[in-house]
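Worksheet for the structure shown next.
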Amino acid sequence: MAAKAYKRTYTSLQAITKATVSLKAEGVANDELATVGGKLAQVVKTKGDTVTLQVFSGTEGVASNAEVSFLGEPPTMKVGPQLSGRFFNAYGKPIDGGPEIEGEARQVGGPSVNPYKRKQPSELIPTGIAGIDLNNTLVSGQKIPFFADPDQPYNKVMADVALRADVDKIILGGMGLSNDDYLFFRHEFESAGALDKIVSFVNTTEEPPVERLLIPDMALCAAEYFAVDCNEKVLVLLTDMTLYADALSIVSNRMDQIPSKDSMPGSLYSDLAKIYEKAVQLPDGGSITIIAVTTLNDGDITHAIPDNTGYITEGQLYLKADSDSGKVIVDPFRSLSRLKQLVQGKKTREDHSQVMNAGVRLYADAQNAKTKLENGFDLSDYDLRCLDYAKEYATRLLSIDVNITIEQMLDTAWEIFGKYFTAAETGIKQALVDKYWKKA
Amino acid sequence: MRTTGKVNGIVSNLVTVTFDGPVSENELCYIKLGDTLLLAEVIKVNGNKASVQVFESTRGLKNGDSVEFLGRMLEASLGPGLLSSIYDGLQNNLKTMTGVFLKRGEYTEALDHEKLWDFTPLASVGDRVIAADWLGEVKEGWLPHKIMVPFKFRGEYTVKSIAPAGAYNIDHTIAVLTDEAGEDVEVTMVQKWPVKLAVKAYKDKPRPQKIMETGVRVIDTFNPIAEGGTGFIPGPFGCGKTVLQHAIAKQGEADVIVMAACGERANEVVEIFTEFPELIDPHTGRHLMERTCIICNTSNMPVAAREASVYMAMTICEYYRAMGLRCLLLADSTSRWAQALREMSNRMEELPGQDAFPVDLSAIIATFYSRAGMVVLNNGRSGAITFIGTVSPSGGNLKEPVTESTKKAARCFYALEQNRADQKRYPSVNPIDSYSKYLEYPEIISYLDETVERGWVDKVMEAKNLVRRGKEMADQINILGDDGVPMSYHEAFWKSELIDFAFLQQDAFDAIDALCPIERQRYMLDLLLDICHHKFEFENFEECRHFFKEMINILRQMNYSEFKSEKFNDYQQQLNKMINS
């Protein structure tokens, strides 16, 4: 192997922090991999002849005379059709007891797609969940996170969405997954009989946090292999991106960088964008769609991690426990799919967007009525109808346990509108009312 | 002999270079990585060490790699063929690049050197000319594209010869000029200009005189932007910033649109170049793409080129302004540009300002906004650059450095509001917090008096006040309850809702409602004010609510109908009946 010829070894470290080591070395390339006392590390800074390395598994037990060997290449992974059905750790080593992958070695974290060569996303990804399909329709090539509190069933919803979506490959990037959640995903995938179209890269809470930084690059490198080389539709699941960002801040902190908002590195936006922007609709039919999870601290979306994420992704999905229906619903106010208009009314029925808007507007009126009720005011006839509507709308459409076609969702919505309101109250275009209105 | 150097340190895309000759601030250099040349820009010089920001990934770069300085700053190539192009921040043509992925160190020509343009001379032999004077003209799409004396030329020149009418490529010498010292210089159709410097080759920069129509009611009527004016749109994510900006780009009354997609989503750029070639410019009936130039440095492209992209876009606008054209520059988003500055400042270990942004952020933003404006050219004609930037305030909080600095520099403020967006009241421009300073300009007031209606601004102010009053009433009703307030409170509240639903809200995805010409805006506002002036009698607030809801529904149907069509007039009839019953 050509890389071996460059292999150089040093045994005198100058500085050791919890995540990095520094030493004097020559001919070292930026981003190059090395081993430090047997642990994998990567060059993150050179200054004169001093080189700083980030040690992925932490520097516990690294001695000042530890052996440092430079490997002469940036992180790579082997890709090939045998990836299907396999589980790997952050370094791309199998953790399922299977053999190592044989195939072409690719650099991870590679270049971006030329924006001019992209195609406009236009393929609907139906999930059966009306809170998503009706109000926040997903499109292939989209990137969208769940913004969820840690107590919400986001991993369950994500697994449902993944298994129902009509895609060729599902790639799971698990960062800081609890061992229980890891086993949950494994079980879900196995019992759905879908294991052969799934590739997983998993870093659990039992493993060092800095290792997580490799997971998205690994997962997306595999995704690019399937989408670009094999023209497949690939869905990438990334959970939990908050823990990924936390690992970024650990490294930047150890390198004495000036933190910006919420002690995150100043480059957080670009770091996250590099990952999410791998979502793409390619000219030859392949696509990469990313569904991620960003856990929130008590619903706070102004924190730097969800905030930067929101500016990068094409919308976001919120889960919410709804007291009216006693179910977990997809919050219709704060959730948004930015690409929905590319398929609504084009790949779905003509009345889709107007029905969606009317449904949400009336649900907002119900919230106002609820506030009045809580403040002890009398409710008008309209308010009362709104409240009844809200309960039915939440139960039959917003709840995450719904699994129906989009046509059925639209019919259900018209039925509920007709039950509680006049056509004028919905504010829908007359032409559509004439065609679809269902009298109670 | 060019200055050369060697790489001495690397942190991400900041590289330290030791050099052996003269080096200037903002000078470009090539770093040699094997056979690949990486373009970089000097941002700091200290002794014999220069800090350069590399416009590409520095993966694999080593200490000791050689560096060659180019002796020039980052320049834009200006000539016919800019329109309908898609460039990255360094003006590489993205269309002519090979491969699906961007290749590091692949630089492509900005302009087509083969294509022939039909040239018509405008100047004659013996004419005395200065920088930016028009020498000739070619047709670029339907626009008269002037070939000018290069902006870099200083002093007066005499036209020694000029090419006769004919088809030439951009490198053909179309004129020979003689300078004051008697030296001859050849002029082609393409000239270069360093993007970070403002083009000042004009006679005068007066105050804006008229408004630029966008077809968006909440802008044109409530907070109009002047031709040659500046405005900005701050808003949390999910408030419809991009939809609003695209609406302005599609409908803006301008000859040339330059869109700088700066650190934003790649799919948004894809949307522009997928849809624009299909769309028809409402003012000229030509394809939108023919008047559009896209500078695209999406969020996953190298950070350093993000900063360059906004300057590149502004320089291209200044070039077209010098031809006496009206340009509209849209930059989405200037926050990403500020963040790029922050990343570099951070890596250079400079002392940080607020939120870790560089301390001169405010000055940088103000200088940039000041490059927009209307100008009077040397030949007495005028041209304009209208600039609208978006700002993505972190956490949706408008008290952050980029928003605050921009507020000082821009004259129009379109505050997008989360609350309105949640209620799907689009565009989510807050009617009360937003403002346009141009409504205070006497020139603009008299322009509106003449072109729209006498006393127009007073009417606008009255409508704004009705909305403000309605908001106060809504607060009272929420506190005291529907029964706890007099009937007049309900009426005032619903009148403001009427203006909100029928005028401020607009459906950007409806073929008819998306574009509302100023004549139609005038008609609707007059109609709404008439209704608001009417004193209605209601038995109870239920009746009041019902009445106005009905009316809002009719008005919305009107908005969806062709102006003054049979259907439109029908709804008008229904409305009249309601008012008079």
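Line by line, the protein sequences give chains A and B.
Numbering follows this note's numbering, in which position 343 of the first sequence is assigned residue number 432; successive positions increment by one, without gaps.
Numbering follows this note's numbering, in which position 70 of the second sequence is assigned residue number 564; successive positions increment by one, without gaps.
Cβ atoms here follow ideal geometry from the backbone N, Cα and C, with glycine treated the same way.
In this text the structure is predicted, and so the values were computed from the model without any measurement.
Span separating the alpha-carbon of residue i from that of residue j
{"i": "tyrosine 1054 of chain B", "j": "leucine 871 of chain B", "result": "42 angstroms"}
{"i": "valine 299 of chain A", "j": "threonine 768 of chain B", "result": "40 angstroms"}
{"i": "leucine 521 of chain A", "j": "aspartate 1064 of chain B", "result": "18 angstroms"}
{"i": "arginine 875 of chain B", "j": "threonine 809 of chain B", "result": "20 angstroms"}
{"i": "asparagine 794 of chain B", "j": "proline 776 of chain B", "result": "34 angstroms"}
{"i": "valine 885 of chain B", "j": "alanine 152 of chain A", "result": "48 angstroms"}
{"i": "proline 234 of chain A", "j": "phenylalanine 159 of chain A", "result": "37 angstroms"}
{"i": "serine 412 of chain A", "j": "alanine 455 of chain A", "result": "13 angstroms"}
{"i": "valine 684 of chain B", "j": "leucine 531 of chain B", "result": "25 angstroms"}
{"i": "alanine 513 of chain A", "j": "serine 982 of chain B", "result": "24 angstroms"}
{"i": "valine 432 of chain A", "j": "valine 228 of chain A", "result": "7 angstroms"}
Beta-carbon proximity of residue i to residue j, cut-off 8 angstroms
{"i": "leucine 606 of chain A", "j": "leucine 337 of chain A", "result": "Missing from the structure shown is residue 606 of chain A; chain A here goes from 90 to 529 and no further."}
{"i": "lysine 128 of chain A", "j": "phenylalanine 145 of chain A", "result": "yes"}
{"i": "lysine 480 of chain A", "j": "glycine 507 of chain A", "result": "no"}
{"i": "leucine 408 of chain A", "j": "tyrosine 243 of chain A", "result": "yes"}
{"i": "methionine 264 of chain A", "j": "leucine 172 of chain A", "result": "no"}
{"i": "glycine 192 of chain A", "j": "glycine 169 of chain A", "result": "yes"}
{"i": "glycine 732 of chain B", "j": "alanine 915 of chain B", "result": "yes"}
{"i": "lysine 609 of chain B", "j": "asparagine 540 of chain B", "result": "no"}
{"i": "valine 679 of chain B", "j": "valine 923 of chain B", "result": "no"}
{"i": "arginine 962 of chain B", "j": "isoleucine 926 of chain B", "result": "yes"}
{"i": "aspartate 120 of chain A", "j": "valine 110 of chain A", "result": "no"}
{"i": "valine 797 of chain B", "j": "alanine 825 of chain B", "result": "no"}
Secondary structure of residue i, DSSP reduced to three states
{"i": "asparagine 663 of chain B", "result": "coil"}
{"i": "valine 737 of chain B", "result": "helix"}
{"i": "alanine 1002 of chain B", "result": "coil"}
{"i": "leucine 616 of chain B", "result": "coil"}
{"i": "glutamate 496 of chain A", "result": "helix"}
{"i": "asparagine 872 of chain B", "result": "coil"}
{"i": "leucine 773 of chain B", "result": "coil"}
{"i": "methionine 642 of chain B", "result": "strand"}
{"i": "valine 168 of chain A", "result": "strand"}
{"i": "proline 895 of chain B", "result": "helix"}
{"i": "lysine 128 of chain A", "result": "strand"}
Selected residue, minimal CA-CA separation from residue i, among the options
{"i": "serine 376 of chain A", "options": "A:Asp318, A:Lys134 and A:Pro242", "result": "A:Asp318"}
{"i": "serine 414 of chain A", "options": "A:Asp490, A:Lys136 and A:Gly126", "result": "A:Asp490"}
{"i": "leucine 142 of chain A", "options": "A:Val157, A:Gly230, A:Ala152 and A:Glu321", "result": "A:Val157"}
{"i": "lysine 416 of chain A", "options": "A:Ala483, A:Pro210 and A:Leu284", "result": "A:Ala483"}
{"i": "aspartate 472 of chain A", "options": "A:Phe510, A:Arg343 and A:Ile495", "result": "A:Phe510"}
{"i": "arginine 598 of chain B", "options": "A:Leu303, A:Pro395, A:Val202 and A:Arg301", "result": "A:Val202"}
{"i": "tyrosine 271 of chain A", "options": "A:Asp285, A:Gly282, A:Lys245 and A:Tyr205", "result": "A:Lys245"}
{"i": "asparagine 873 of chain B", "options": "B:Leu933, B:Lys690, B:Val505 and B:Ile624", "result": "B:Ile624"}
{"i": "asparagine 386 of chain A", "options": "A:Ile394, A:Tyr478 and A:Tyr452", "result": "A:Ile394"}
{"i": "threonine 724 of chain B", "options": "B:Ser864, B:Ile713, B:Glu600 and B:Leu855", "result": "B:Ser864"}
{"i": "glutamate 956 of chain B", "options": "B:Tyr935, B:Ala669 and B:Lys989", "result": "B:Lys989"}
{"i": "proline 239 of chain A", "options": "A:Ser267, A:Arg195, A:Gly147 and A:Gln519", "result": "A:Ser267"}
{"i": "aspartate 698 of chain B", "options": "B:Ile1048, B:Pro936, B:Gly867 and B:Glu898", "result": "B:Gly867"}
Proximal residues to residue i (C-beta, below 6 angstroms), its chain only, five neighbours per side dropped
{"i": "cysteine 811 of chain B", "result": "Val752, Cys821, Leu823 and Ile879"}
{"i": "valine 250 of chain A", "result": "Thr216"}
{"i": "glutamate 631 of chain B", "result": "Thr614, Leu616, Pro638 and Lys640"}
{"i": "threonine 124 of chain A", "result": "Ser158"}
Own chain, CB closer than 7 angstroms to residue i, minus 5 neighbours either side, in chain order
{"i": "leucine 508 of chain B", "result": "Ser545, Gln547, Met838, Arg841 and Met842"}
{"i": "glycine 554 of chain B", "result": "Leu527"}
{"i": "lysine 113 of chain A", "result": "Gln103, Asp138 and Thr139"}
{"i": "threonine 402 of chain A", "result": "Lys232, Ile233, Pro234 and Tyr365"}
Any non-hydrogen atom of the ligand ADP within 7 angstroms of residue i CB
{"i": "valine 684 of chain B", "result": "Because no ligand of any kind appears in the structure shown, any question about the ligand ADP cannot be addressed here."}
Beta-carbon contacts of residue i that lie in its chain and below 8 angstroms, excluding the five residues immediately before and after
{"i": "alanine 626 of chain B", "result": "Met642, Val643, Phe645, Val693, Ala695, Tyr696, Ala816, Leu871 and Asn872"}
{"i": "glutamate 439 of chain A", "result": "Leu521"}
{"i": "aspartate 969 of chain B", "result": "none"}
{"i": "threonine 900 of chain B", "result": "Phe726, Pro728, Thr828, Ile859, Tyr863, Gly883 and Val885"}
{"i": "glutamate 600 of chain B", "result": "Asn586, Met591 and Thr592"}
{"i": "alanine 830 of chain B", "result": "Checking the displayed sequence, the identity of residue 830 of chain B turns out to be arginine instead of alanine. Closer than 8 angstroms at the Cβ level, and outside the excluded window around arginine 830 of chain B, lie Cys756, Gly757, Glu758, Ser793, Arg800 and Ser886."}
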